[in-house]
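Sequence order for the protein chains is A and B. If you use my numbering, the first sequence closes out at 332, no skipped numbers anywhere. If you use my numbering, the second sequence closes out at 1183, no skipped numbers anywhere. Notes follow the structure.
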Amino acid sequence: MSGSASTERLSRLLAMVPYLLRHQGLPLEEAAEHFGITTDDLVHDLELLFVCGTPGHLPDDLIDARWDSGRVYLSNADPIARPARLAVDEAVALLVGLRTLAEVPGLHDRDALAGATAKLTEAAGEAAGRAAEAAGAVRVDVRTGDDAALADVLATCRRGLAGHRRLHLAYLVPSRDERTERDVDPMRLVTVAGRWYLEAWCHRVEGVRLFRLDRIEAARVLDADGTPPAGAVSRDVHSDLFRPSPDDLVVTLDLAPQAAWVVDYYPVESVQPAPEDAWERASLRVRLRAADTRWVRRLLLRLGAGARAVDPPELAVEVREAALAALARYELLDAGSAGGPAGEPGPGPGA
Amino acid sequence: MASSGTSSGAAAAARGARRTERLLNLVIALSATRRWLTKEQIRAAVPQYADCATTVAFERMFERDKEDLRELGVPLEAGGEDPLFGDEAGYRIDRDAYALPEIDFTPAELAVLSLASRVWQQASLAGPATRALVKLRSLGVEPDESSLVGLEPRVRTSEPAFDPLYAATRDRAPVSFAYRRAGAEPSTRHVEPWAIVSWHGRWYLVGHDRDRDATRVFRLSRVSSAVKRIGRPGSYDVPTDVDPREVVAGTVGERATRRARLLVRTGSALAVRRRAVSVTPAPAPAADPPGDDAPGADLVEVDVADVEVAADELAAYGDAVLVLDPAPLRDAVLRRLRGAAGTSPDPAPAGAAP
Chain A
-18 MSGSASTERL SRLLAMVPYL LRHQGLPLEE AAEHFGITTD DLVHDLELLF
32 VCGTPGHLPD DLIDARWDSG RVYLSNADPI ARPARLAVDE AVALLVGLRT
82 LAEVPGLHDR DALAGATAKL TEAAGEAAGR AAEAAGAVRV DVRTGDDAAL
132 ADVLATCRRG LAGHRRLHLA YLVPSRDERT ERDVDPMRLV TVAGRWYLEA
182 WCHRVEGVRL FRLDRIEAAR VLDADGTPPA GAVSRDVHSD LFRPSPDDLV
232 VTLDLAPQAA WVVDYYPVES VQPAPEDAWE RASLRVRLRA ADTRWVRRLL
282 LRLGAGARAV DPPELAVEVR EAALAALARY ELLDAGSAGG PAGEPGPGPG
332 A
Chain B
830 MASSGTSSGA AAAARGARRT ERLLNLVIAL SATRRWLTKE QIRAAVPQYA
880 DCATTVAFER MFERDKEDLR ELGVPLEAGG EDPLFGDEAG YRIDRDAYAL
930 PEIDFTPAEL AVLSLASRVW QQASLAGPAT RALVKLRSLG VEPDESSLVG
980 LEPRVRTSEP AFDPLYAATR DRAPVSFAYR RAGAEPSTRH VEPWAIVSWH
1030 GRWYLVGHDR DRDATRVFRL SRVSSAVKRI GRPGSYDVPT DVDPREVVAG
1080 TVGERATRRA RLLVRTGSAL AVRRRAVSVT PAPAPAADPP GDDAPGADLV
1130 EVDVADVEVA ADELAAYGDA VLVLDPAPLR DAVLRRLRGA AGTSPDPAPA
1180 GAAP
């Protein structure tokens, strides 16, 4: 589907010829930039055009390309003087992309979206019918659902991005159950695995961070320049989202079969079959990196009878105590609702 | 294009360049002619076909080239002036059908198209998306992206089943594949694909399951074999009254929600509070007993779609969150807590995969 390198290149050449015919004398650098390639690539492309032409392939039959002055001149390319129509998959890719954009909350340029969609249908010609049908069968969901607060946050972040303004965020860190306040310089809004994130330079940690939009409790545009420092480089969000840090601590857990999904879901250091001396329900023993023991404790409470902490040993004690404390509070609650407030002191917080 | 300077990389690059040359000469030859060109004429007209030692090799190469051009949207016509000509029919490219009409995109329209093409940046349709944009940009308009700065909605297609299932959906061609359900052996399914849906970052196929004679949803990452076509393109109709996203949402996503009442320690469970329907200070008797210097609590109401998913989240807060009702949610949380405390007699399932 993505095509081979040579069909990709052919497609570019067939688009390049009409453009260069209309823009005679264009500097090499500008032409290369227009097609998103290096000047070296462009020169290779021109060299290839130079040896192609109509049957016979005598000098007069060949495409005439000159660029020795640093400017590109092209002639004798009548049969391919116009760009090709869009193929079915090409139109599908753009139509689905446009519809996806149309569902981004707060994207206001509806006229541009509607205009582009209509003209795209024209550009596909005969393929338009099939493309429209196929595009209707490919759906990408980037909506924010009924979460009005999230749509607001998204809109605020977009204002910050468009105006290069600094943002103030109240951000929840669920692994620590903490609310943090920070000023950030926004870099981009990106979706990863169907969720929206703000990538920004965070002044609190002095680094580039990804903020999940549904964890931003409040966002405010500040009256301050929000241009990120020169050293702020976007990360490859897909591989970096769970990038472990060398400061992480390593914990060892035994997993029962029903908790084996943890291995696919979190970055684990190692997985092995549960050894002889393991917890009797364990099928796997895994080593897992975590920035914070609180996060692991929360994971273990959630896994219930599906997992046991092996190392550090105090982690198992902590989890057990946290669970017992919660159970004790439930008992107290039941006693309270049955016969008024209980007289003895409640258990202390498990933390 | 070659990734390295090794000799094999250089050789591959040279082969690729020769192939591009051949295809370009083929397009030019077929566009320049008004008459139909026979295969023999084409073989003579395109110098790179001289690489083929035999007619069989040439014909095989020409077949592949025709397919490549069609995929790029080049309308290759086959036919002839003389209906008696039979097999020796000719080929040409109709320049009017080939050419993109003069379309006046505004800079803002080209900007949204540019952004639309980048939705696929790390996905299967990246190639077609980029090619389409290059064609449209060759019309000469420069996009104005100022209002779209920093917006990057993206999908990924890391599932190998995406390409064949997308193509089958596009062509309305029935398929079969092995499908692995959680905790079960893979089984072969026969499906008429209706739509392919990205939902919460995962791809799903919605279609008619022939064996079960019912609408079914398949997660692409669970397709565990090659996808095989078992029928011709266009051999079934897709119902028009089905919204594929609703089918997926109804199967894997949000079910009807119900309201849960929680007793949440003051200052805790911030992520739960963020999506609460209401938060009110809890009356004293319900909270911790008097005399204890523990912080107070709030009565927090949230809407819960899936009991097990909600229980996963709430149990993780330990004693900071107590579920008052509904009972199934409360039981699901208690089951996890007893499991974690080691007081649970049975290894009841807990912590369903997210």
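Backbone N, C-alpha and C fix where the C-beta goes; we use that ideal spot for every residue, glycine too.
- Message: Classify B:V1131: buried if its beta carbon has 16 or more other beta carbons within 10 angstroms, exposed otherwise.
- Response: Mapped onto the second sequence, residue 1131 of chain B falls at position 302. Flag for B:V1131 reads buried.
- On the DSSP bridge assignment, give the partners of A:T172 in chain order. Here residue 172 of chain A corresponds to residue number 191 of the first sequence, with the count starting at 1. Answer by DSSP bridge pairing, in chain order: A:W177.
- In terms of residue numbering, what span does the beta strand (DSSP E) encompassing A:V252 cover? Numbered from its first residue, the first sequence carries residue 252 of chain A at position 271. Start and end: 249 to 254.
- Message: If I measure Cβ to Cβ from A:A109 and keep anything under 6 Å in the same chain, skipping five residues before and after, which residues do I get?
- Response: As a first step, residue 109 of chain A is located in the first sequence; it is residue number 128 there, counting from the start. Cβ within range, chain order: T102.
- Task: Report yes or no: do three or more beta-carbon pairs, one from the stretch 11 to 21 of chain A and one from the stretch 916 to 931 of chain B, lie closer than 8 Å?
- Result: no
- Residues near A:A205 in its chain [Cβ-Cβ closer than 6 Å; skip 5 each side]: Within the first sequence, numbered from 1, the residue matching residue 205 of chain A stands at position 224. These residues qualify, in order along the chain: R147.
- Which bits of chain B does A:F16 rub up against, with CB to CB less than 7 Å? On the first sequence, residue 16 of chain A is found 35 positions in, with the first residue counted as 1. Within 7 Å Cβ-Cβ: V963.
- CB contact check: A:D166 to chain B, cutoff 9 Å: In the first sequence, residue 166 of chain A corresponds to position 185, counting from 1. Taking Cβ atoms only, chain B never reaches closer than 9 Å to A:D166, which makes this a no.
- Nearest to A:R3 by alpha carbon, out of A:A143, A:A200, A:G17, A:S56? Within the first sequence, the letter at position 22 stands for residue 3 of chain A. That would be A:S56, whose Cα lies nearest to the Cα of A:R3.
- Query: A:P8 bridges to which residues according to DSSP?
  - Reply: Sequence index remark: in the first sequence, residue 8 of chain A carries index 27 (1-based). A:P8 pairs with A:R52.
- Message: I want to see whether chain B comes within less than 9 Å of A:P293, judged by CB atoms only; does it?
- Response: Within the first sequence, the letter at position 312 stands for residue 293 of chain A. With 9 Å as the cut-off, A:P293 does not count as an interface residue toward chain B.
- Query: Does the beta-carbon distance from A:V231 to A:R270 come in below 9 Å?
  - Reply: Taking the first residue of the first sequence as position 1, residue 231 of chain A is located at position 250. Taking the first residue of the first sequence as position 1, residue 270 of chain A is located at position 289. Going by C-beta atoms, A:V231 is nearer than 9 Å to A:R270.
- Task: Tell me whether B:A1116 sits in a helix, a strand or coil according to DSSP, three-state version.
- Result: As a working mapping, residue 1116 of chain B is identified with position 287 in the second sequence. Below a pLDDT of 50, predicted positions are generally treated as unreliable, and B:A1116, at 47, falls in that range; the measurement from the model is reported next regardless. DSSP places B:A1116 in coil when its eight states are reduced to three.
- Query: When the cut-off is 9 Å and only beta carbons count, does A:G287 lie next to chain B?
  - Reply: Counting from 1 along the first sequence, the entry for residue 287 of chain A is found at position 306. Interface residue, yes.
- Task: Return the CA-CA distance between A:E250 and B:P1015, expressed in angstroms with no decimal places.
- Result: Counted from its first residue, the first sequence places residue 250 of chain A at position 269. Counted from its first residue, the second sequence places residue 1015 of chain B at position 186. Going by the C-alpha atoms only, they are around 29 Å apart.
- Message: Between the alpha carbons of B:S975 and A:L75, how many angstroms are there, rounded?
- Response: Locating residue 975 of chain B in the second sequence gives position 146, counting from the first residue. Locating residue 75 of chain A in the first sequence gives position 94, counting from the first residue. Answer to the nearest angstrom: the Cα atoms are 20 Å apart.
- Query: If you measure beta-carbon to beta-carbon, which residues of the stretch 57 to 80 of chain A are closer than 9 Å to chain B?
  - Reply: A58, D59, P60, I61, A62, R63, P64, A65, R66, L67, A68, V69, D70, E71, A72, V73, A74, L75, L76, V77, G78, L79, R80
- Under three-state DSSP, which class holds A:C138? As a first step, residue 138 of chain A must be located in the first sequence, where it is residue number 157. In this structure, A:C138 counts as helix in the three-state DSSP scheme.
- Task: Kindly indicate which residue of B:L905, B:V948, B:A952 has the alpha-carbon position closest to the one of B:A861.
- Result: For the purposes of this step, residue 861 of chain B is taken as residue 32 along the second sequence, with counting starting at 1. Taking only the C-alpha atoms, the option nearest B:A861 is B:L905.
- Query: Hey, out of A:M168, A:Y152, A:H145, whose CA is closest to B:G979's CA?
  - Reply: Sequence index remark: in the second sequence, residue 979 of chain B carries index 150 (1-based). Measuring from the Cα of B:G979, the nearest candidate turns out to be A:M168.
- Can you find a C-beta in chain B that's less than 9 Å from the C-beta of A:S264? Along the first sequence, one-based indexing puts residue 264 of chain A at 283. Output row for A:S264: interface = no.
- Length of the line joining the Cα atoms of A:L(-9) and B:S1054: Along the first sequence, one-based indexing puts residue -9 of chain A at 10. Along the second sequence, one-based indexing puts residue 1054 of chain B at 225. Approximately 33 Å, taken between the alpha carbons.
- Is it right to say B:P1114 is buried, meaning 16 or more other beta carbons lie within 10 angstroms of its own, or is it exposed? If you number the second sequence from 1, residue 1114 of chain B lands on position 285. Summary for B:P1114: the model assigns pLDDT 47, below 50, so the residue's position carries little reliability; its value from the coordinates is reported in the next sentence. B:P1114 comes out exposed.
- Task: Using three-state DSSP, classify B:G919 as helix, strand or coil.
- Result: Here the question's residue 919 of chain B lines up with position 90 in the second sequence. Strand, per DSSP.
- Query: Can you give the Cα-Cα distance for A:W177 and A:V154, rounded to whole angstroms?
  - Reply: One-based indexing of the first sequence puts residue 177 of chain A at position 196. One-based indexing of the first sequence puts residue 154 of chain A at position 173. For A:W177 and A:V154, the distance between alpha carbons rounds to 16 Å.
- What's the C-alpha gap between A:A104 and B:S943? For the purposes of this step, residue 104 of chain A is taken as the residue at position 123 of the first sequence. For the purposes of this step, residue 943 of chain B is taken as the residue at position 114 of the second sequence. Their Cα atoms are separated by approximately 15 Å.
- Would B:R1165 be called buried (16 or more neighbouring beta carbons within 10 Å of its own) or exposed? Here the question's residue 1165 of chain B lines up with position 336 in the second sequence. With 16 or more other Cβ atoms within 10 Å, it is buried.
- Message: Once the 5 residues before and after B:Q950 are set aside, which same chain residues still bring their CB inside 7 Å of it?
- Response: For this step, residue 950 of chain B is matched to residue 121 along the second sequence. Same-chain partners within the cutoff: R983.
- Message: By DSSP's criteria, B:T1017 is part of a beta bridge. Which residues make up the other side?
- Response: Here residue 1017 of chain B is taken as the residue at index 188 of the second sequence, counted from 1. Answer is B:A1007.
- Query: Whose C-beta lies closer than 8 Å to the C-beta of A:C33 among residues of the same chain, with five residues either side of it excluded?
  - Reply: Position 52 of the first sequence, counted from the first residue, corresponds to residue 33 of chain A. Correct list, in chain order: L43, I44.
- Message: Classify A:D292: buried if its beta carbon has 16 or more other beta carbons within 10 angstroms, exposed otherwise.
- Response: Translated into the one-based positions of the first sequence, residue 292 of chain A becomes position 311. Per the 10 Å Cβ criterion, exposed.
- Message: Determine, for B:G1079, whether the minimum Cβ-Cβ distance to residues of chain A falls below 9 Å.
- Response: For this step, residue 1079 of chain B is matched to residue 250 along the second sequence. No, B:G1079 lies away from the interface with chain A (no Cβ there is under 9 Å from its Cβ).
- Task: Reducing DSSP to helix, strand and coil, say where B:I932 ends up.
- Result: Here residue 932 of chain B refers to the residue found at position 103 when the second sequence is read from its first residue. The answer is coil: DSSP assigns B:I932 none of H, G, I, E or B.
- For A:D229, which residues from the same chain have a beta carbon less than 8 Å from its beta carbon, with the 5 sequence-adjacent residues on both sides left out? The residue given as residue 229 of chain A occupies position 248 in the first sequence. Here the set comprises R270, A271, A272.
- Query: Mind checking if B:W865 is an interface residue toward chain A, Cβ cutoff 9 Å exclusive?
  - Reply: Here residue 865 of chain B corresponds to residue number 36 of the second sequence, with the count starting at 1. It does not; no Cβ of chain A falls within 9 Å.
- Query: Mind pulling the chain B residues with CB within less than 8 Å of A:V300?
  - Reply: For this step, residue 300 of chain A is matched to residue 319 along the first sequence. Residues of chain B passing the Cβ test: A1169.
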